[in-house]
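Q: Residue numbers (the working numbering): 1213 to 1403. We put the CB at the ideal spot given by N, CA and C, even for glycine.
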Amino acid sequence: MKKTVLLFALAISIISCNKTTEAKEFKTAYIDTSKLMDESIEAKDIGAKYKDQSKVMESQLEVEYNSLKSEAANFQKNAQANGQVWAQQKGAELQRREQELSYAQQGMFQKLQQESGVEMDSLVSKYRKVIKEFGKEKGYDYIYGTGDVASVLYAKDSYDITKEIIKLVNDNYKSSDKKEEKTETKKEEKK
């Protein structure tokens, strides 16, 4: 009896050892995220928008700085003629205005940075959703990101789907622009 139980246990262990486990192949890919952001039309448009706003702000501040410079030049000419008390008051006023302009410049550029940061964060979030949907649709198990923050140190070029994603996001952006133009045209026609 003991021998049959032992032989039975041995037979089961041999049979179970002969079974090979099925290895599942994972479908993976990676995206160069810095290339995606560099070649994305929407990201370029956002960058251009804030660059233009920055130039407008710089030109406004430049006008005010030039006005301040001319007042400072006049101050130096008139300081001796108007006396020391006037010179101290006017000098303090010019310093205060220069400091206000400096604070205004810092405030404007911080505001631009915050606004562009919010918009770019929103764009990154949008792209993550697009990539997630793309991955589900194409049956990917994993899609990795590489670029400025490298999480993929090496992968075959055949796993790179960056161009596909760039084309997808650019096509989506172009089609959304056309929809917005049609909506704006209809609104203008109603007026």
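Unbroken beta strand (DSSP E) runs of length 3 or more, entirely within the region 1351-1376: which are they?
A: 1354-1358
Q: Which residue's Cα is closest to the Cα of Thr1374: Ile1243, Glu1254 and Met1269?
A: For the purposes of this step, residue 1374 is taken as the residue at position 162 of the sequence shown. Residue Ile1243 is the option with its Cα nearest to Thr1374.
Q: Nearest by alpha-carbon distance to Asn1278: which of Tyr1371, Leu1313 and Gly1303 is it?
A: For this step, residue 1278 is matched to residue 66 along the sequence shown. Looking from the CA of Asn1278, the closest CA among Tyr1371, Leu1313 and Gly1303 belongs to Leu1313.
Q: At the level of alpha carbons, what is the spacing between Gly1359 and Thr1245?
A: For this step, residue 1359 is matched to residue 147 along the sequence shown. For this step, residue 1245 is matched to residue 33 along the sequence shown. The alpha-carbon atoms of Gly1359 and Thr1245 are separated by roughly 5 Å.
Q: With 16 other CB atoms within 10 Å as the buried threshold, where does Ala1260 fall?
A: Counting from one through the sequence shown, the residue named residue 1260 turns up at place 48. Classification of Ala1260: exposed, given that the 10 Å Cβ count is below 16.
Q: My understanding is that Tyr1366 touches Ala1241, with C-beta atoms under 8 Å, so please give their C-beta distance in whole angstroms.
A: Within the sequence shown, numbered from 1, the residue matching residue 1366 stands at position 154. Within the sequence shown, numbered from 1, the residue matching residue 1241 stands at position 29. With 8 Å as the limit, Tyr1366 and Ala1241 do not qualify as a contact, their Cβ atoms being about 14 Å apart.
Q: In the DSSP assignment, what residue or residues form a beta bridge with Asp1244?
A: Translated into positions along the sequence shown, residue 1244 becomes position 32. Paired residues: Thr1358.
Q: Determine the DSSP secondary structure at Phe1321, reduced to helix, strand or coil.
A: The count along the sequence shown starts at 1 and reaches residue 1321 at position 109. DSSP places Phe1321 in helix when its eight states are reduced to three.
Q: Below 7 Å CB to CB, which residues in the same chain sit around Tyr1385 once its five sequence neighbours on both sides are set aside?
A: Your numbering for residue 1385 matches position 173 in the sequence shown. If we look at Tyr1385 and ignore the five residues flanking it on each side, its Cβ neighbours are Ile1253 and Glu1254.
Q: What's the C-alpha gap between Tyr1354 and Gln1311?
A: Walking along the sequence shown from the start, residue 1354 turns up at place 142. Walking along the sequence shown from the start, residue 1311 turns up at place 99. Approximately 53 Å between the Cα atoms of the pair.
Q: Taking the straight line between their C-alpha atoms, what separation do you get for Lys1267 and Glu1349?
A: Within the sequence shown, numbered from 1, the residue matching residue 1267 stands at position 55. Within the sequence shown, numbered from 1, the residue matching residue 1349 stands at position 137. The straight-line gap from Cα to Cα measures roughly 43 Å.
Q: Could you check what DSSP says for Gly1259 in three-state terms: helix, strand or coil?
A: Mapped onto the sequence shown, residue 1259 falls at position 47. Three-state result, Gly1259: helix.
Q: Should Tyr1339 go down as buried or exposed, given a rule of 16 or more other Cβ atoms within 10 Å for buried?
A: For the purposes of this step, residue 1339 is taken as residue 127 along the sequence shown, with counting starting at 1. Classification of Tyr1339: buried, given that the 10 Å Cβ count is 16 or more.
Q: For the putative contact between Ile1258 and Leu1335, defined by C-beta atoms under 8 Å, what is the C-beta separation to the nearest angstrom?
A: Locating residue 1258 in the sequence shown gives position 46, where the first residue counts as 1. Locating residue 1335 in the sequence shown gives position 123, where the first residue counts as 1. Right, their Cβ atoms sit about 7 Å apart.
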